[in-house]
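So that you can map any letter, position 292 of the sequence shown is 292 in UniProt numbering, and since no number is skipped, the others follow by simple counting. Reading through the structure tokens given below for one structure.
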Amino acid sequence: MFDVNAGQCPISPSLQVGGLVANRAESARPDGRKRKIPVTASTPSTPSSASAASASASAPVLAPTPVVSVKPLVLDAPGRGADLRVRISAPVTGSGLPIVVLSHGFGSSLDGYGPLADFWAAHGFVVVQPTHLDSRTVGLAQDDPRTPRIWRHRVEDVKRVLDRLDLLEAAVPGLGGRLDRSRIAVAGHSFGGQTAGNLLGLRVLDPVSKKEADLSDARIKAGVLLATAGKGGADLTPFAAERFPFMNPDFAHMTAPALVVVGDRDDSPLSVRGPEWLADPYFLSPGDKSLLTLFGAEHSLGGIAGYEVQETTDENPERVGLVQRVTWAYLRHALGIEDDSWTAVREALAEDAAPLGRIESK
């Protein structure tokens, strides 16, 4: 654990190269037990065209580079009730690196979403992953007084990360001076998608204060919302309405550019509307938006939440490969880095004889 506030490292953070741990660090399981992770190093892989049956799943991207990943970096978080633990993954070479803050789904942690974090980092992004209070590794009780506003603590976690980028940058070996703070994006899956949406302008009627607040952050220029909840109210199941009163989003102010990713078989138990519910962030928000609909995909979108995640119900490496490429190309486009990759992946998907999905934009 590296306390970046004190500038000291009483316990060595686990340092990873190529997305795999490069010292015999201990990793916490959800049940609190420790497991040893072997020493190894590699470059995160890209699904090969040989294993991809569709042309769009192997649309061209930049060659991957080795990745360094450091965790946990610890930030003071007054008023949160617990320090904020963060993981940073970055390519070992390159400068002017854009930044993506990746907000995990309910119950996950900074250890999740390797298929996305590793891919983005290996292809030129600095990926920052905070562990939110709803993580199983935190173990917050249902009756904890912070629970009703857990959605807002998540937004504050991301803002705190951005406030302390200098400290985080200094804590990662070799990263100093290589960030481009003018190019920051946010991405999130499921509950993390709402967190990302809040930072892009989505507003929520706070169940505690009964007020709607603007929590958008001008430092964030674009976002990716993966399998994110739609409208609340009558669209929710009784279970969701009772357990998650913060699921009452207003998309009318979500003006920042965003890519919404949905699965056409993601039949959420939280809504009475079926898979179309998760496309609300695209159809109900103004401004520049794109929608990637994945054919046959359920809530895990093929397995983006981790390499060995039990919750994955629709494991499909090709589908994950498409999500990797489309999100990467979109982020480069939306952050003003280059447009060719976004054009190429759109054309590849449109011309594919057996497409894994479709892209539309407005």
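All C-beta atoms, glycine included, are put in the ideal place defined by N, C-alpha and C. A quick note: this is a predicted structure, and the numbers were derived from the prediction, not measured.
Sequence-distant residues of its chain with Cβ nearer than 8 angstroms to Pro-174 (five each side left out) | If you number the sequence shown from 1, residue 174 lands on position 174. Going by the sequence as given, residue 174 is Gly instead of Pro. These residues qualify, in order along the chain: Val-68, Val-92.
CA-to-CA distance, Glu-351 to Leu-102, given in whole angstroms | Counting from 1 along the sequence shown, the entry for residue 102 is found at position 102. Counting from 1 along the sequence shown, the entry for residue 351 is found at position 351. Cα-Cα distance, rounded: 31 angstroms.
Whole-number beta carbon distance between Val-86 and Pro-115, since they are thought to touch under 8 angstroms = Start at 1 with the first residue of the sequence shown, and residue 115 comes out as number 115. Start at 1 with the first residue of the sequence shown, and residue 86 comes out as number 86. No, Pro-115 and Val-86 are not in contact; Cβ-Cβ is about 19 angstroms, not under 8 angstroms.
Neighbourhood of Asn-198 by C-beta, 6 angstroms cutoff - its chain only, sequence neighbours within 5 removed = Translated into positions along the sequence shown, residue 198 becomes position 198. Excluding residues within five positions, the ones whose Cβ falls inside 6 angstroms are Val-155, Leu-215.
Which residue comes first and which comes last in the beta strand (DSSP E) that contains Glu-360?
-> Position 360 of the sequence shown, counted from the first residue, corresponds to residue 360. Its beta strand (DSSP E) spans residues 357–361.
Counting pairs of beta carbons, one from the stretch 162–170 and one from the stretch 147–154, are three or more of them closer than 8 angstroms?
-> Counting Cβ pairs under 8 angstroms, fewer than three are found: no touch.
Report yes or no: do three or more beta-carbon pairs, one from the stretch 225–244 and one from the stretch 265–280, lie closer than 8 angstroms?
-> Segments in contact, yes.
When DSSP labels each residue in this structure, what does Ala-77 get in the three-state scheme?
-> Looking up residue 77 in the sequence shown gives position 77. In the structure shown, Ala-77 sits in coil (DSSP, three-state: anything other than H, G, I, E or B).
Residue range of the beta strand (DSSP E) that includes His-153 = Residue numbering aside, residue 153 sits at position 153 when the sequence shown is read from its first letter. Element bounds for His-153: not the beta strand (DSSP E) but the alpha helix (DSSP H), 150–163.
In three-state terms, what does DSSP make of Gln-194?
-> As a position in the sequence shown, residue 194 is number 194, starting the count at 1. Secondary structure at Gln-194: helix, using DSSP grouped into helix, strand and coil.
Between Tyr-113 and Val-323, what straight-line distance do the alpha-carbon atoms span, to the nearest angstrom?
-> Position 113 of the sequence shown, counting from 1, holds the residue named residue 113. Position 323 of the sequence shown, counting from 1, holds the residue named residue 323. Rounded to the nearest angstrom, the two C-alpha atoms are 12 angstroms apart.
Exposed or buried, which one is Tyr-330 when buried takes at least 16 other CB atoms within 10 Å?
-> In the sequence shown, counting from the first residue as 1, residue 330 sits at position 330. By the neighbour-count definition (other C-beta atoms within 10 Å, threshold 16), Tyr-330 is a buried residue.
In chain order, which continuous runs of the alpha helix (DSSP H) of length 4 or greater are located wholly inside the stretch 295–347?
-> Whole alpha helix (DSSP H) segments, 4+ residues: 317–334.
Take Leu-75 as the anchor and find which of Leu-162, Pro-317, Ser-361 has the nearest alpha-carbon.
-> Within the sequence shown, residue 75 is the residue found at index 75, counting from 1. Of the candidates Leu-162, Pro-317, Ser-361, the one whose C-alpha sits nearest the C-alpha of Leu-75 is Leu-162.
Using DSSP with H/G/I as helix, E/B as strand and the rest coil, what is Gly-112?
-> Translated into the one-based positions of the sequence shown, residue 112 becomes position 112. If DSSP states are grouped into helix, strand and coil, Gly-112 belongs with coil.
Taking all protein chains shown into account, decide if Gln-142 is buried (16 or more other Cβ within 10 angstroms of its Cβ) or exposed.
-> As a working mapping, residue 142 is identified with position 142 in the sequence shown. Exposed: under 16 other Cβ atoms inside 10 Å.
Do you know offhand how far Pro-355's Cα is from Leu-349's?
-> Position 355 of the sequence shown, counted from the first residue, corresponds to residue 355. Position 349 of the sequence shown, counted from the first residue, corresponds to residue 349. The alpha-carbon atoms of Pro-355 and Leu-349 are separated by roughly 6 angstroms.
CA nearest to the CA of Asp-134, picked from Gln-310, Leu-205, Ser-109 = The residue labelled residue 134 in the question sits at position 134 within the sequence shown. That would be Ser-109, whose Cα lies nearest to the Cα of Asp-134.
CA-CA distance, Gly-79 and Arg-146?
-> Position 79 of the sequence shown holds residue 79. Position 146 of the sequence shown holds residue 146. Taking the straight line joining both Cα atoms gives about 10 angstroms.
So the alpha helix (DSSP H) Pro-269 belongs to, where does it begin and stop?
-> In the sequence shown, the residue the question calls residue 269 occupies position 269. If you look at Pro-269, you'll find it isn't in any alpha helix (DSSP H); DSSP assigns it neither H nor E.
How is Ala-227 classed by DSSP in three states: helix, strand or coil?
-> Position 227 of the sequence shown holds residue 227. Ala-227: coil per DSSP, three-state reduction.
Among Gln-194, Asp-180, Thr-313, which residue has its Cα nearest to the Cα of Phe-244?
-> By 1-based counting over the sequence shown, the position of residue 244 is 244. Residue Gln-194 is the option with its Cα nearest to Phe-244.
Pull up the DSSP beta-bridge partners for Arg-129, would you.
-> On the sequence shown, position 129 is the one that residue 129 refers to. Inspection of the sequence shows that residue 129 is occupied by Gln rather than by Arg. In the DSSP secondary-structure assignment, Gln-129 is bridged to Arg-87.
If I'm right that Leu-200 touches Ala-241 with Cβ under 8 angstroms, what's the distance once you round it to whole angstroms?
-> Taking the first residue of the sequence shown as position 1, residue 200 is located at position 200. Taking the first residue of the sequence shown as position 1, residue 241 is located at position 241. In this structure Leu-200 is not in contact with Ala-241, their Cβ atoms being roughly 24 angstroms apart against a cut-off of 8 angstroms.
Contact belief for Leu-179 with Met-254 at Cβ below 8 angstroms, rounded distance in angstroms = Position 179 of the sequence shown, counted from the first residue, corresponds to residue 179. Position 254 of the sequence shown, counted from the first residue, corresponds to residue 254. 26 angstroms between Cβ atoms; not a contact.
Within 10 angstroms of its Cβ, does Val-208 collect 16 or more other Cβ (buried), or is it exposed?
-> Indexing the sequence shown from 1 puts residue 208 at position 208. Answer is exposed; the Cβ neighbour count stays below 16.
Boundaries (first-last residue) of the alpha helix (DSSP H) holding Arg-181 = Looking up residue 181 in the sequence shown gives position 181. For Arg-181, there is no enclosing alpha helix (DSSP H); the residue is found in the beta strand (DSSP E) stretching over 179–189.
Could you name the residues that DSSP lists as bridge partners for Ala-222?
-> For the purposes of this step, residue 222 is taken as residue 222 along the sequence shown, with counting starting at 1. Within the DSSP secondary-structure output, Ala-222 pairs in a beta bridge with Ala-185.
Between Asp-235 and the rest of its own chain, which residues show a CB-CB distance below 7 angstroms, the 5 nearest in sequence each way excluded?
-> For this step, residue 235 is matched to residue 235 along the sequence shown. Closer than 7 angstroms at the Cβ level, and outside the excluded window around Asp-235, lie Ser-271, Val-272, Arg-273, Trp-277.
Leu-202 - DSSP class collapsed to helix/strand/coil = For the purposes of this step, residue 202 is taken as residue 202 along the sequence shown, with counting starting at 1. Secondary structure at Leu-202: coil, using DSSP grouped into helix, strand and coil.
Would you mind reading off the limits of the beta strand (DSSP E) that contains Pro-173?
-> As a first step, residue 173 is located in the sequence shown; it is residue number 173 there, counting from the start. According to the DSSP assignment, Pro-173 belongs to no beta strand (DSSP E), since it is labelled neither H nor E.
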